[in-house]
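Please read the structure below before turning to the comments.
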Ligand code: AHM
Ligand code: MG
């Protein structure tokens, strides 16, 4: 059997988006996002030779401003999105304030993103990622942050890109299936490689993923759940990259659970609701998993239902397959 390496009918991301929406502006938007992710790929892969490591704001020996990779990635995304002509408001992890696109170039979409997530991994070439979520302006609005401060049910589509041993985008439209696209560097396109991604039926590999260095600060139910994972008949493996995109990607593909819970130092956890929690929750749930913040006042709270009260609001995260998230819920129920 010879393998044909050339697909005369490649399903590129662009073609996939065109086939699945009648909205031409959304095709333009996704094209701009894909282009910025290709630029970020180039910057990540050339970071060493291009001297992109280190702190922003430093001046290098030749007197040029050194740009930290995450600042550069942010500029790449903002420039692509502003000039796409289809965006009204941008919220980036890197910008304290929202970016309101000037009227001449303004369009109907509002995009929240973390251009290069996993900051602690950037300078040692460990996997990093981009996360994004897309909303539409509310009727009558010219584009304000209020268009983004809505629950995840208003999110039109969401995705992440893992810059890793391969570069892969995982993307979903609201209510749709989850699809994977690998960047084929020989043609410079994201090509469809995973159809309808779903959590392993039986829960998959027994893996828990959390920064256990924080465990003394965790709530008792989280401590108990992790203890159960470790002491059960089939002990769980610990896997934690420290880049949300990489940890979530593995969790969907192999199974398991990812936690960045609230603790007594950070009552809302660490991760940001708008451009980390909601897009990942949408992807996880549409792949058949559960994305929760935990249990409050006897009720299970899902990430998707939360309304951010500020663009950089945080939320606790407990995401994964049903088998494993249920273990956490059970500990909350026990604790009452
Ligand atoms: P960042 O936005 O500063 O990169 O922080 C987000 C990252 C996530 O990718 C990751 O899951 C988490 O922070 C890791 O945090 P910690 O280093 O506390 O374990
Ligand atoms: Mg981040």
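In the UniProt record's numbering, the protein residues as written are 4 to 339.
Glycine included, each C-beta is placed from N, C-alpha and C at the ideal position.
Legend entry - Nearest residue (CA-CA) to residue 35, options 283, 102, 114: Residue numbering aside, residue 35 sits at position 32 when the chain shown is read from its first letter. The option with the nearest alpha carbon to residue 35 is 114.
Inset, instruction - Check whether the Cβ of residue 227 sits closer than 7 Å to any heavy atom of the ligand AHM, and report yes or no. - result: Counted from its first residue, the chain shown places residue 227 at position 224. No, Cβ of residue 227 sits at least 7 Å from all heavy atoms of the ligand AHM.
Legend entry - Alpha carbon of residue 157 to alpha carbon of residue 134, nearest angstrom: Position 154 of the chain shown holds residue 157. Position 131 of the chain shown holds residue 134. Those two C-alpha atoms are separated by around 17 Å.
Inset, instruction - Indicate, with yes or no, if the ligand AHM has a heavy atom lying under 7 Å from the CB of residue 257. - result: Here residue 257 is taken as the residue at index 254 of the chain shown, counted from 1. Checking every heavy atom of the ligand AHM against the Cβ of residue 257, none is found closer than 7 Å.
Inset, instruction - Specify the secondary structure class of residue 187 as computed by DSSP and reduced to three states. - result: Sequence index remark: in the chain shown, residue 187 carries index 184 (1-based). Strand, per DSSP.
Inset, instruction - Less than 8 Å between the CB atoms is what I'm expecting for residue 264 and residue 136, so what's the real figure, rounded? - result: Position 261 of the chain shown holds residue 264. Position 133 of the chain shown holds residue 136. About 22 Å; that fails the 8 Å criterion.
Inset, instruction - Specify which residues have a beta carbon nearer than 6 Å to any heavy atom of the ligand MG, listing them in chain order. - result: Every residue whose Cβ sits closer than 6 Å to any heavy atom of the ligand MG is listed here in chain order: 96, 117, 120, 279.
Legend entry - Extent of the continuous beta strand (DSSP E) to which residue 112 belongs: As a working note, residue 112 is residue 109 in the chain shown. 109-120 is the span of the beta strand (DSSP E), which, as asked, contains residue 112.
Legend entry - Of the listed residues 317, 151, 180, 79, nearest to residue 289 (C-alpha basis): For the purposes of this step, residue 289 is taken as residue 286 along the chain shown, with counting starting at 1. Of the listed residues, the one whose Cα sits closest to residue 289 is 180.
Inset, instruction - Could you tell me whether any non-hydrogen atom of the ligand AHM is closer than 7 Å to the CB of residue 247? - result: On the chain shown, position 244 is the one that residue 247 refers to. For the ligand AHM, at least one heavy atom lies less than 7 Å from the Cβ of residue 247.
Legend entry - Where the beta strand (DSSP E) containing residue 314 begins and where it ends: Counted from its first residue, the chain shown places residue 314 at position 311. Element bounds for residue 314: n/a, residue is neither H nor E.
Legend entry - Neighbourhood of residue 176 by C-beta distance below 8 Å, restricted to the same chain and skipping five residues each side: Position 173 of the chain shown, counted from the first residue, corresponds to residue 176. 23, 24, 159, 160, listed in sequence order.
Inset, instruction - Kindly confirm or deny that the stretch 265-277 and the stretch 317-325 touch, where touching means at least three C-beta pairs closer than 8 Å. - result: yes
Legend entry - Inter-residue spacing [alpha-carbon to alpha-carbon] between residue 203 and residue 131: On the chain shown, residue 203 is found 200 positions in, with the first residue counted as 1. On the chain shown, residue 131 is found 128 positions in, with the first residue counted as 1. If I take the Cα positions, the gap works out to 24 Å.
Legend entry - Which of helix, strand or coil DSSP assigns to residue 91: Here the question's residue 91 lines up with position 88 in the chain shown. DSSP places residue 91 in the strand class (E or B) of the three-state scheme.
Legend entry - DSSP beta-bridge partners of residue 137: The count along the chain shown starts at 1 and reaches residue 137 at position 134. In the DSSP output, where bridge partners are listed per residue, residue 137 has 114, 160.
Inset, instruction - Taking residue 222 as the reference, give the member of 253, 109, 297 with the closest Cα. - result: Mapped onto the chain shown, residue 222 falls at position 219. Residue 222 has its Cα closest to that of 297, out of 253, 109, 297.
Legend entry - Segment limits, beta strand (DSSP E) that includes residue 304: Within the chain shown, residue 304 is the residue found at index 301, counting from 1. Run containing residue 304: 302-305, per the beta strand (DSSP E) assignment.
Legend entry - residue 31 to residue 108 span [Cα, whole Å]: Residue 31 sits at position 28 when you count from the first residue of the chain shown. Residue 108 sits at position 105 when you count from the first residue of the chain shown. Between the alpha carbons of residue 31 and residue 108 lies a gap of roughly 13 Å.
Inset, instruction - Determine contact between the stretch 192-209 and the stretch 231-243, defined as no fewer than three beta-carbon pairs at a distance below 8 Å. - result: yes
Legend entry - Alpha-carbon spacing of residue 141 relative to residue 280, whole angstroms: The residue given as residue 141 occupies position 138 in the chain shown. The residue given as residue 280 occupies position 277 in the chain shown. The alpha-carbon of residue 141 is positioned some 21 Å away from that of residue 280.
Inset, instruction - Run the proximity test for residue 269: is its beta-carbon closer than 7 Å to any non-hydrogen atom belonging to the ligand AHM? - result: Within the chain shown, the letter at position 266 stands for residue 269. Every heavy atom of the ligand AHM is 7 Å or more from the Cβ of residue 269, so no.
Legend entry - residue 280, DSSP secondary structure in three states: Locating residue 280 in the chain shown gives position 277, counting from the first residue. If DSSP states are grouped into helix, strand and coil, residue 280 belongs with the helices.
Legend entry - Three-state secondary structure assigned by DSSP to residue 153: Along the chain shown, read from residue 1 onward, the residue named residue 153 stands at position 150. Looking at residue 153 - three-state DSSP - the assignment turns out to be coil, as it is neither helix nor strand.
Inset, instruction - Compare the beta carbon distance of residue 91 and residue 112 with 8 Å and say whether it is the shorter of the two. - result: As a first step, residue 91 must be located in the chain shown, where it is residue number 88. As a first step, residue 112 must be located in the chain shown, where it is residue number 109. Yes, these two residues count as a Cβ contact at 8 Å.
Inset, instruction - Closer than 6 Å by C-beta to residue 192: which residues in its own chain qualify, once you throw out the five before and the five after it? Chain order, please. - result: Along the chain shown, one-based indexing puts residue 192 at 189. For residue 192, where only same-chain residues beyond five positions count, the Cβ hits under 6 Å are 15.
Legend entry - beta-carbon residue 263 near the ligand AHM non-hydrogen atom, thresh 7 Å: By 1-based counting over the chain shown, the position of residue 263 is 260. Answer for residue 263: yes, Cβ within range of the ligand AHM.
Legend entry - Alpha-carbon spacing of residue 40 relative to residue 171, whole angstroms: For this step, residue 40 is matched to residue 37 along the chain shown. For this step, residue 171 is matched to residue 168 along the chain shown. One C-alpha to the other measures close to 10 Å.
Inset, instruction - Indicate the three-state DSSP secondary structure (helix, strand or coil) for residue 238 in the structure shown. - result: What you label residue 238 is simply residue 235 of the chain shown in a count that begins at 1. Correct three-state label for residue 238: coil.
Inset, instruction - Specify the secondary structure class of residue 24 as computed by DSSP and reduced to three states. - result: Translated into the one-based positions of the chain shown, residue 24 becomes position 21. DSSP places residue 24 in the coil class of the three-state scheme, outside both helix and strand.
Legend entry - CB-CB length for residue 151 against residue 286, believed under 8 Å: Along the chain shown, one-based indexing puts residue 151 at 148. Along the chain shown, one-based indexing puts residue 286 at 283. In fact, because the Cβ distance is near 18 Å, the residues do not count as touching under 8 Å.
Inset, instruction - Would you tell me roughly how many angstroms separate the C-alpha atoms of residue 11 and residue 21, rounded to the nearest one? - result: Stepping through the chain shown from its first residue, residue 11 is reached at position 8. Stepping through the chain shown from its first residue, residue 21 is reached at position 18. So the alpha carbons of these two residues sit roughly 18 Å apart.
Inset, instruction - From the DSSP output, in three-state form, read off residue 181 for me. - result: Residue numbering aside, residue 181 sits at position 178 when the chain shown is read from its first letter. Strand at residue 181.
Legend entry - Residue interval of the beta strand (DSSP E) (run including residue 293): Here residue 293 is taken as the residue at index 290 of the chain shown, counted from 1. In the DSSP assignment, residue 293 falls within the unbroken beta strand (DSSP E) covering 293-299.
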